[in-house]
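Enquirer:
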Amino acid sequence: MAAVQWRSRGRNYDAELQRCRSEAFLVDFGDYHPLKPLIVTDTKSRRGARKGSTSSSSSSSSSAAPSDPLSSMMDGTDPLSMFAAANETPAMAHSTTTGDLLRKRREKEEEDVGADFVPWSSKRGEILARFTTTEKLSINLFMGSDRGKALSPGSSAVSDKVRTRLEELDDLEEGSQKELLNLSQQDYANRIEELNQSLKEAWASDQKVKALKIVIQCSKLLSDTSVIQFYPSKFVLITDILDTFGRLVYDRIWTMCSDSQILPENFTSEDVNDTAKETCLNWFYKIASIRELLPRLYVEVAILKCNRFLNKSSIQEILPRLTAMIRGIGDPLVAAYARAYLCRVGMEVAPHLKDSLNRNFFDLLGTFRQISGESVQNQLVVQRVETPEYLTLYSPAINWILQCIAYRAPEPLLTEMIERCKTLGNNALLLNSVMRAFRPEFVAARATDFIAMIKDCDESGFPKHLLFGSLGCSLSSADPPESERLTILNEAWKVITKVRSPQDYINGAEIWVEFTCRHFSKREVNTVLADIIKHMTPDRAFEDAYPQLQSVIRKILTYFHDFSILFSMERFLPFLDMFQKDSVRVEVCKSILEVFIKHQVELTRDPVILNAMLHICKTMHDSVNALTLEDEKRSLSLLIIGFIRVVSFGRDFEQQLSFCVEARATFCNLEPVMVQLIHTVNQLAMETRRVMRGNHSRKTAAFVRACAAYSFITIPSLSSIFSRLSLYLLSGQVALANQCLSQADAFLKAAVSILPEVPRLISVEGKLRSSESFLLDFINSFMATLLVVPDHPEHGVLYLVRGLLNMVQDYTWEDNSDAKVRVYIGALPLLAAMSQETFLYSVPKVDSNETLYGGDPKFLSEINKLCETLIGQILDHLKILGREEQTTRRQSTLAFSLFNVLLAHGDLRNNKLNQLSVNLWNLSHKHGHCETRFSVRTLEHIKHQAQQLDMAHLSDTVQRLALQSRT
């Protein structure tokens with residue numbers, strides 16, 4: 016190709032803008048509205064109608080939304096489901112239907128007591144976590160031989176069945192003994208879970224007798240109180256197995272109940288066939304043959320629900336019998352939990368039968384006198400357990416029984432319960448359970464009565480601070496009368512503050528902090544915090560109470576969202592100082608900052624808030640080290656940035672800048688925070704220019720230069736190269752907008768100078784990616800800014816443009832990359848825009864090159880020479896790409912891009928430039944790689960442009976541009 020003589024075409028941007036604007040005309044939308052339902056009309060041609068007829072036999076309209084076309088194609092059926100249904104056997108269908116019904120039945124039964132009833136499952140984890148031990152545990156298993164098999168279908172004689180049943184149970188109880196000793200608590204729990212799995216496996220393999228043996232063995236473990244502190248947790252683990260057994264038996268009989276169809280949900284015993292009834296009776300006879308009371312009781316209770324298959328009303332008679340059986344258990348603790356299990360199953364089976372619940376409760380009251388008896392006291396001495404600790408072991412059982420009684424119970428019944436508590440000696444344990452189990456509203460309305468009862472309790476039997484803790488839990492959910500609140504708080508705190516054990520103290524204080532925050536001002540809360548600090552500081556007791564102290568903070572933050580009030584509490588920050596463990600301290604600071612960002616909707620300059628929040632943010636920042644994960648750094652940065660964004664000193668811009676200077680020194684290890692500070696300072700400079708427009712120009716200029724200096728000093732400290740590049744460019748644009756030309760020049764030169772540092776690969780979301788696309792985006796943005804940047808008088812014409820292109824020339828691009836040529840192609844529109852008499856855009860009060868040079872021929876000559884050099888570099892690259900067949904597509908793309916640049920910005924009245932454009936068109940279509948639709952649109956555009964008077968020369972050019980088909 017011959018040498019090119021570049022000449023930019025003259026542009027009248029205003030006229031071009033007018034031509035591009037669409038013609039305005041009125042449109043009548045009628046009743047149309049984008050949110051109005053569509054009217055779908057279905058029109059079908061009449062069968063046999065002549066061709067081209069527009070008549071129809073039926074037409075229907077509907078205001079409903081049109082159906083999903085994908086769903087309509089499949090008629091709403093998933094093809095995989097259709098395939099599965101086609102291959103499903105009747106047995107499979109029956110099994111699936113039965114399983115679905117079992118699941119739905121369980122869900123319905125769980126709803127019988129209502130969603131407001133707290134289920135046992137929600138208490139399970141709390142009990143296991145609370146009642147632990149370091150003592151070694153043991154499991155005594157009486158394993159029978161493998162003689163026991165399921166009864167054969169042919170064995171129908173009653174005598175044979177009874178004899179076989181007794182032999183199986185005798186074998187079970189007289190078999191070899193297996194004892195597991197020295198088990199830790201976790202080992203014990205694992206072994207019980209293994210037994211649970213063994214139960215399921217035995218049942219699945221049709222070894223029903225073996226399954227029953229496992230359940231009996233586990234039930235016997237509940238008579239062992241050798242490690243009494245662990246008994247509540249043992250109860251939870253063992254009853255899980257009993258629950259599993261009960262479900263397996265019930266589900267098995269339920270599937271046997273009907274010969275021809277599935278049993279309905281509201282079935283009666285008349286709907287049950289004889290086979291199912293006989294199987295059900297057989298289970299009850301087996302259980303009745305168990306010799307020992309405790310396993311016989313527990314296993315029968317586990318399958319209590321199966322009585323529905325025999326006679327629905329029989330449960331009414333069975334519950335009193337089982338309640339009476341429990342009276343034969345000598346150990347009061349074992350008896351209490353047996354009653355709790357009976358009440359639990361009773362609530363599932365017959366929640367309306369409250370008499371049984373009441374009878375169990377009254378029987379429980381009768382066993383309290385055994386606690387002070389010789390047998391229990393001797394046991395406590397042997398195990399070195401104090402009476403108050405022993406009494407707490409009853410809490411889960413009593414709480415559950417009382418919860419069942421109190422559920423939807425009338426107030427007279429609850430009042431009667433309280434009166435019984437008053438008449439019972441040593442009633443602290445019971446009173447504690449009453450306050451835990453009864454509705455919070457009921458307790459709150461009688462708070463002063465409960466306080467009087469607490470005062471009358473014997474301190475040695477059950478600590479009063481625990482009673483006040485239970486009362487505080489109720490008052491955290493329901494409000495007592497307003498006139499009594501201060502008295503209640505004073506009475507409670509008198510007891511709590513006298514507790515000597517730091518752990519017991521903080522457990523009670525944590526509960527009452529919420530009541531204090533809920534109903535009182537910062538003065539009372541500050542007093543409570545001071546008392547907590549006083550109790551928890553000696554001997555660094557706070558180190559063992561971090562969870563409770565964190566809970567105190569959370570409760571305060573729940574009720575105090577005005578941080579000026581919160582930080583004005585004298586003891587709040589000293590309270591935070593008790594969090595000495597780094598991980599805990601950071602979590603507390605994060606929780607405070609999260610609440611601050613959520614609720615601090617207004618900008619603030621309050622020095623109390625700023626000083627406290629800076630202290631909290633600094634604590635978070637100082638936790639960062641070389642081992643801190645990137646996700647954690649990002650999380651901390653986002654919180655600190657949220658704080659920085661709500662800080663505003665109004666028109667006191669110097670104070671705002673001082674804050675940013677202090678923040679930069681404080682948060683230097685978190686790069687996202689540094690980036691945010693630079694953005695904040697740039698926004699501050701622009702806001703200063705807007706507010707101080709025309710006033711104090713010297714002072715404003717000095718301040719803007721100070722902002723620029725802040726950014727210029729801070730940016731080099733960033734590790735991310737693209738963060739530095741973008742911030743240099745942004746800061747340069749801000750300086751230029753504020754007429755600080757030397758500062759703008761320095762920023763832009765700094766950006767150009769670090770371009771060689773851009774690596775070829777960068778990490779994006781943990782993955783290495785090529786940096787080429789990011790670098791091209793930045794260079795394009797940079798060149799768009801260079802249009803309005805005036806040349807420096809000491810550095811020659813277009814020195815920034817030349818410096819950028821030189822860096823691009825020297826940069827080590829990827830192999831087989833066209834990025835450098837793309838930059839050159841992108842630079843041509845910039846140079847063409849610089850040659851115009853009036854620039855496309857400008858910066859107010861800044862004289863760009865259009866003013867400095869005023870269309871000087873020497874300036875235009877420099878632009879043209881630079882353009883010719885760039886075009887020469889581009890054409891050389893195109894020649895290289897044409898040497899190999901695999902690079903012709905890249906050649907086509909670049910040639911078409913250069914053609915479009917010449918068309919838009921070159922003066923095609925120049926013959927050489929015109930011929931070059933035709934050659935580029937032909938080159939881009941030579942190998943058939945150019946998209947035909949783009950080519951057609953380009954030709955249409957050129958023809959449209961040729962209709963304008965100053966572009967008439969394009970008519971000849973378009974005749975020479977031919978579309979070539981792909982080969």
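Numbered per the working numbering, the sequence shown spans residues 16 to 982.
No residue lacks a Cβ here, since even glycine has one placed at the ideal position from N, Cα and C.
1) Tell me, which residues are paired with Ile-777 by DSSP?
2) For Ile-794, which residues of its own chain have a beta-carbon under 6 angstroms away from its beta-carbon, when the five flanking residues on both sides are left out?
3) Please report how far the alpha carbon of Pro-777 lies from the alpha carbon of Pro-771, in whole angstroms.
4) I believe Leu-195 touches Ile-154 by the beta-carbon criterion, under 8 angstroms. Please report the beta-carbon distance rounded to the nearest angstrom.
5) With a 10 Å radius around its C-beta and 16 neighbouring C-beta atoms as the bar for buried, classify Gln-906 as buried or exposed.
6) Taking 7 angstroms as the line, does the beta carbon of Tyr-405 fall inside it for any heavy atom of the ligand PLP?
7) Rounding to the nearest angstrom, what Cα-Cα distance links Leu-913 and Leu-935 in this structure?
8) Between which two residues does the alpha helix (DSSP H) harbouring Ser-939 extend?
9) Any beta carbon from chain B within less than 8 angstroms of Met-362's own beta carbon?
10) Can you tell me whether Leu-429 is buried or exposed, with buried defined as 16 or more other CB within 10 angstroms of its CB?
11) Are there 16 or more other CB atoms within 10 angstroms of the CB of Ser-72, so buried, or fewer, so exposed?
12) When DSSP labels each residue in this structure, what does Asn-27 get in the three-state scheme?
13) Kindly list the residues whose CB is nearer than 6 angstroms to the CB of Glu-877, restricted to its own chain and excluding five residues on each side of it in sequence; keep chain order.
14) Rounded to a whole number of angstroms, what is the C-alpha to C-alpha distance between Val-767 and Ser-566?
15) Would you mind stating whether Lys-537 and Met-584 have Cβ atoms separated by less than 8 angstroms?
16) Take the Cβ of Ser-850 as the centre, count every other Cβ of all protein chains shown within 10 Å, and call the residue buried at 16 or more, exposed below.
17) Secondary structure at Asn-373, three-state DSSP: helix, strand or coil?
18) Could you work out which residue in Ala-759, Ile-433, Ala-351, Gln-392 is closest to Ala-724 when comparing CA atoms only?
19) Rounded to whole angstroms, what is the Cα-Cα separation between Gln-212 and Leu-308?
20) Report the rounded CA-to-CA distance for Leu-581 versus Met-689, giving the unit in angstroms.
21) In the structure shown, what three-state DSSP assignment does Ser-153 receive?
22) Hey, out of Val-514, Phe-535, His-480, whose CA is closest to Glu-499's CA?
23) Measure how close the beta-carbons of Lys-648 and Val-639 come, nearest whole angstrom, since I'm counting them as under 8 angstroms.
24) Three-state secondary structure (DSSP) at Asn-197?
25) What did DSSP end up calling Gly-129 once you bin it into helix, strand or coil?
26) For Val-314, collect the residues of the same chain with a Cβ closer than 8 angstroms to its Cβ; drop the 5 residues on either side in sequence, then sort them by chain order.
27) Taking just the CA atoms, how far does Phe-457 sit from Ile-612?
28) By the three-class DSSP mapping on this structure, what secondary structure does Val-349 have?
29) Write down the C-beta distance between Val-662 and Ala-752 rounded to the nearest angstrom, noting that I regard them as a contact closer than 8 angstroms.
30) List the DSSP bridge partners of Thr-619.
31) Within 10 angstroms of the Cβ of Asp-891, are there 16 or more other Cβ atoms? Answer buried if so, exposed if not.
32) Starting from the Cα of Cys-295, find the closest Cα among Val-316, Leu-278, Leu-325, Asp-286 and give me that residue.
33) What is the rounded straight-line gap between the Cα of Thr-502 and the Cα of Lys-470?
34) Taking Cβ positions, are Pro-774 and Ser-786 nearer each other than 8 angstroms?
35) Please confirm if the segment 957 to 971 is in contact with the segment 911 to 931, defined as three or more CB-CB distances below 8 angstroms between the two stretches.
36) Measure the C-alpha to C-alpha separation of Leu-976 and Ser-939 and round it to an integer number of angstroms.
Expert: So, to answer that:
1) Arg-784
2) Val-838
3) The sequence given here has Ile at residue 777, not Pro. Spanning the two alpha carbons is a distance of roughly 14 angstroms.
4) 4 angstroms
5) Buried is the call here.
6) The ligand PLP is not part of the structure shown, which contains no ligands of any sort.
7) 7 angstroms
8) Here the alpha helix (DSSP H) through Ser-939 covers 926 to 940.
9) Absent from the structure is chain B; it holds one protein chain and no more.
10) Around the beta carbon of Leu-429, a 10 Å sphere encloses 16 or more other beta carbons of the protein chains shown; the residue is thus reported as buried.
11) Only weak support is given to the placement of Ser-72: the predicted model assigns it a pLDDT of 40, under 50, and the value that follows is read from those uncertain coordinates. Classification for Ser-72: exposed.
12) coil
13) Val-812
14) 53 angstroms
15) yes
16) buried
17) helix
18) Ala-759
19) 25 angstroms
20) 28 angstroms
21) strand
22) Phe-535
23) 6 angstroms
24) strand
25) coil
26) Within the same chain, Val-314 has close Cβ partners Leu-227, Val-230, Ile-231, Ser-234, Leu-257, Phe-260, Ile-302, Ile-305.
27) 38 angstroms
28) helix
29) With a Cβ gap of about 24 angstroms, Val-662 and Ala-752 do not count as contacting.
30) Val-662
31) With fewer than 16 other Cβ atoms within 10 Å, it is exposed.
32) Leu-325
33) 14 angstroms
34) yes
35) yes
36) 11 angstroms
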